[in-house]
Amino acid sequence: MTDFMCQKKKIEELINNDDVDCIIMTSTCSDELLKFAIQMAVTAGKDILLNDIPNYSESELKEVLKKAIFHDTLINYSQPLSFDYQFNQIKTSLMSKRGTETGLLRIVTHRILETENQLPFNTLRNTIAKNIELLLSLIPDVVLSNPAIQYSHPFTKRADGDVLMINFRQEGGLLISFEIFFNTGKVSDKLSLKQCNNRYEVEKNLPFNERNQEINQNNFIVEQLDQFVLRLGSNTKLAKINQWSRANELTDKVIKQLNTYGYI
């Protein structure tokens with residue numbers, strides 16, 4: 012059984028379980044699997060909490076949100092980093108009067124792109140979108156300059172250990188840097204802020220399926236699709252719609268700039 016089919020079966024079992032009110036995705040997985048899980052959960056009228064963002068087109072997103080409203084279900088997203096105490100310190104610092112005027116905010120991401128990955132561009136876009144979502148959760152009203160791009164090799168000719176750097180200048184002066192590393196042997200997200208009087212850093216290692224690993228129901232990545240019995244308040248329903256739309260818009264802006272710089 013393939014990795015996709017194994018996880019798909021696990022999701023179906025959870026959603027079809029009458030004792031489960033909410034599905035919480037705690038592992039990294041493909042766009043296709045994320046979209047499948049969201050579609051299944053919404054249709055079944057069950058809330059779903061994600062730690063990753065699928066690559067939706069504008070029309071796809073509107074259709075999914077329309078169904079969620081019809082079935083009165085919650086689709087929500089939480090960054091794994093947001094549960095760390097240091098994350099809240101970074102957010103508090105950036106919310107202060109001078110928080111976005113100086114300093115360097117770095118979002119460093121390590122991702123695995125296996126040779127058999129048929130849709131590597133989706134993984135790239137998803138990673139950029141996730142970083143932008145993280146940025147918006149820290150600075151909701153962020154105003155960015157056009158990104159400056161640096162990279163080791165073009166995406167289609169990437170090598171293990173390559174890095175893509177996407178640098179922005181916040182309107183107030185804060186420098187924001189996305190640093191995406193490929194095939195360094197780990198999957199992780201790291202957030203750090205350096206200012207005159209502040210030094211914060213938080214890192215989260217994420218589970219992933221190693222190459223050539225035998226796939227079965229007992230693999231840890233499958234077990235990460237945990238079962239929760241949970242009912243979230245209706246006042247939180249679809250609270251992230253505007254932020255998702257803005258993240259999608261800013262992601263498209265970055266992708267356009269990557270084309271301009273010859274990266275993709």
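Each residue of the sequence shown is one higher than the one before, counting from 12 in this note's numbering.
We put the beta carbon where it would ideally sit given N, CA and C, even for glycine.
Under 8 Å between C-beta atoms of residue i and residue j
i              : j                 : result
glutamate 112  : leucine 185       : yes
glycine 114    : leucine 202       : no
leucine 175    : tyrosine 162      : yes
arginine 117   : glutamate 24      : no
valine 265     : isoleucine 177    : yes
alanine 79     : valine 53         : yes
threonine 262  : alanine 140       : yes
proline 158    : phenylalanine 132 : no
asparagine 259 : leucine 72        : yes
Reduced DSSP category for residue i - H, G, I as helix; E, B as strand; rest coil
i             : result
arginine 136  : helix
serine 68     : coil
glutamine 181 : strand
serine 156    : coil
Counted within 10 angstroms of its Cβ, other Cβ atoms place residue i as buried (16 or more) or exposed
i              : result
glutamate 125  : exposed
methionine 36  : buried
valine 154     : exposed
asparagine 137 : buried
tyrosine 67    : buried
glutamate 144  : buried
glycine 244    : Caution applies to glycine 244, whose pLDDT of 36 falls short of 50 and renders its modelled position unreliable; the value that the coordinates give is listed next. Glycine 244 should be labelled exposed.
Rounded Cβ spacing between residue i and residue j (contact assumed at less than 8 Å)
i             : j              : result
leucine 269   : isoleucine 123 : The pair is not a contact, with the Cβ atoms about 20 Å apart (cut-off 8 Å).
isoleucine 34 : lysine 57      : 6 Å
valine 75     : isoleucine 49  : 6 Å
leucine 60    : asparagine 27  : That belief does not hold up - the Cβ atoms of leucine 60 and asparagine 27 are roughly 18 Å apart, past 8 Å.
For residue i, the first and last residue of its enclosing alpha helix (DSSP H)
i             : result
serine 104    : 96-106
glutamine 161 : Looking at the DSSP string, glutamine 161 is not in any alpha helix (DSSP H); the run it does join, the beta strand (DSSP E), is 159-162.
Unbroken beta strand (DSSP E) run spanning residue i, endpoints
i           : result
leucine 120 : It should be noted that the sequence gives threonine, not leucine, for residue 120. Threonine 120 -> beta strand (DSSP E) spans 115-122.
leucine 186 : 186-193
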